[in-house]
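Asker: For reference, the structure I am asking about is given below.
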Amino acid sequence: MSLDSARPDVAIRRLAMLSDAECRAIRDQVHALRPDWTARDSRLPFHTLGSASYLDAPAGRFETYSAAAGRTNAILGEHFAPLLDRLRATLEPVLGGPVRHDPRLALPGFHVFLADPAFTRPVADVHYDLQFEHLDWSPHDPIEPRRQLSMTLAIRLPHAGAGLRVWDIDRRHLDTLSADERSAHMQRNHTAKVHDYRTGELALHSGYLLHQIEPARGYREDDERITLQAHAMPAGDGWILYW
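FYI, the numbering for the sequence shown is 4 to 246, going by my numbering.
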């Protein structure tokens, strides 16, 4: 699969995956496992259920991340095996090859944002998805990082909706430009497009377009934003699914 990263209107591919009833059941199971959530911010109610390479593996912490993944994978595998199987089954015909998991890496896991007025502000980082740089891919050599994919499956969204801000700024393209060209390109493309998430729908993108979690569009005390997060790395004749 190749995503056309040059045009924001086609930057995200959407795949229908779950019904509303299935999303409600998964949401309830995520909440039932609240003792296993990991708080990710000392001030805001942002949690994960599962280990995340972008949070747990940087700065040479691959072994620490891998050990944590072993613990959280057991929880995710016990309670969400049908969901993970469905994810692989959804991806394989689209990606054109087998989708497998390396037990040293984290299984797809959940972002959990509970209600807080602070989320109406742009508190999330603007970033590219370069988490793969922190992981040990030696058992899968060669890999193709330039074809990596990131994905979000919306399980529960705030009442006013939620989305992803995406800029028409591709890290792979920037690497071919001079400093002056890079600055001019970023200035020309400084306005982001918002891609709305839809409950039960899997959103796929390359991770190389500059992006940011869209600030909440309002605040209600019963709002929450729960998404399944994952990445896929091309390796050999298939793909490695991880978080």
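Cβ coordinates follow ideal geometry from the N, Cα and C atoms, glycine included.
The structure presented is a predicted model; accordingly, all values stated were derived computationally and were not measured.
Is residue 271 near residue 207, with beta carbons less than 9 Å apart?
Answerer: Outside the shown range of the chain, which is 4 to 246, sits residue 271, and nothing can be said about it.
Asker: Which residue wins for smallest C-alpha separation from residue 72, given the options 218, 51 and 177?
Answerer: Answer by Cα proximity: 51.
Asker: Compute the distance between the beta-carbons of residue 83 and residue 137, then report whether it is under 9 Å.
Answerer: No.
Asker: Does DSSP classify residue 232 as helix, strand or coil?
Answerer: In this structure, residue 232 counts as strand in the three-state DSSP scheme.
Asker: Measure the C-alpha to C-alpha separation of residue 8 and residue 134 and round it to an integer number of angstroms.
Answerer: In this prediction, residue 8 has a pLDDT of 37, which is less than 50 and means its spatial position is unreliable; what the coordinates show is noted afterwards. Their Cα atoms are separated by approximately 19 Å.
Asker: Between the alpha carbons of residue 210 and residue 56, how many angstroms are there, rounded?
Answerer: Answer to the nearest angstrom: the Cα atoms are 14 Å apart.
Asker: Determine the closest residue to residue 175 out of 162, 189 and 149, with distance taken between C-alpha atoms.
Answerer: When only C-alpha atoms are compared, the closest one is 149.
Asker: Grab me the residues of residue 240's own chain with a C-beta within less than 6 Å of its C-beta, minus the 5 sequence neighbours each way, in chain order.
Answerer: Excluding residues within five positions, the ones whose Cβ falls inside 6 Å are 100.
Asker: Just confirm the distance between the C-beta atoms of residue 204 and residue 17, as a whole number of angstroms; I'd bet it's less than 8 Å.
Answerer: So it is a contact: roughly 5 Å between Cβ atoms.
Asker: Please classify residue 141 as buried or exposed, where buried requires at least 16 neighbouring CB atoms within 10 angstroms.
Answerer: The residue is exposed, with fewer than 16 neighbouring Cβ atoms inside 10 Å.
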